[in-house]
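Below is one structure, written out as structure tokens, with a few remarks after it.
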Amino acid sequence: MTQRLVVGITGASGAIYGVRVLERARALGVETHLVVTPAGVLNMHHELGLDRTALEALATASYAPGDVGACIASGSFETAAMVVAPCSMKTLAAIAHAYGDNLLTRAADVALKERRRLVLMVRETPFNLAHLRNMTAATEMGAIVFPPLPAFYHRPGSIDELVNESVERALKLAGVDAAQPRAWSGL
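Using numbering that gives the first Met the number 0, you'd call the opening residue of the sequence shown number 0 and step up by one each time.
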């Protein structure tokens with residue numbers, strides 16, 4: 000059976016992370032189920048010049064954020080994991096407090112209640128105390144808080160390399176076995 004991955008995209012800066020998750024998952028043969036918030040679409044257009052149609056074309060299936068009756072809103076729809084890339088502080092707060100007011104936060108709640116992997120590529124800096132407490136709460140419930148902080152030990156030559164490496168690590172954390180982040184081999 001093909002691996003299924005739910006991908007959420009919010010309005011935090013870093014739209015490229017969501018696009019690369021979708022592109023890389025497709026390249027690895029992973030079925031993707033996309034839900035993007037209105038602010039995510041706005042930011043996608045602002046940062047990358049993509050509209051909703053172009054973004055949805057990268058996914059196997061896509062759903063409107065108000066479609067709380069979609070298959071990904073139920074634990075009976077088996078998925079390997081969910082990645083929210085990027086994850087705004089608003090979405091993090093909703094996830095941390097089980098406030099499933101839209102399909103994205105409901106799908107994240109499903110991932111947590113079904114004990115599936117939930118990787119949150121949170122994007123904000125600096126963090127305030129509420130952000131930190133919400134990250135702690137999400138972690139205590141089983142989410143993996145993964146700010147896409149770049150690694151420099153492999154001497155990246157471009158922003159694309161930094162983005163790709165973070166996405167590869169996030170996919171590996173989501174249980175996509177074919178993902179291949181660079182491993183540190185020592186000095």
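Glycine included, every Cβ here is placed at the ideal spot set by N, Cα and C.
Check	Outcome
Member of SER12, GLY65, VAL67 and VAL34 whose CA lies at the smallest distance from the CA of ARG51	VAL34
CB contact flag (PRO64, MET120, <8 Å)	no
Residue nearest to SER87 in terms of C-alpha spacing, selected from GLU160, ALA11 and GLU139	ALA11
First through last residue of the beta strand (DSSP E) which encompasses GLY7	3-8
Range covered by the alpha helix (DSSP H) that runs through TYR62	Where TYR62 is concerned, there is no enclosing alpha helix (DSSP H), although the beta strand (DSSP E) it sits in stretches over 60-62.
Cα-Cα separation between GLY152 and GLU164, rounded to whole angstroms	Contrary to the premise, residue 152 reads as Tyr rather than Gly in this sequence. Approximately 11 Å, taken between the alpha carbons.
Own chain, CB closer than 8 Å to LEU102, minus 5 neighbours either side, in chain order	VAL34, TYR62, ALA63, PRO64, GLY65, ASP66, VAL67, ALA69, ILE71 and ALA72
THR52: first and last residue of the uninterrupted alpha helix (DSSP H) it sits in	51-55
Whole-angstrom distance between VAL29 and GLY199, CA atom to CA atom	This structure cannot speak to residue 199, because the chain is shown only from 0 to 186.
Given 8 Å, three or more beta-carbon pairs between the region 120-134 and the region 90-106	yes
Pair within 8 Å by beta-carbon distance, ILE143 and ARG122	no
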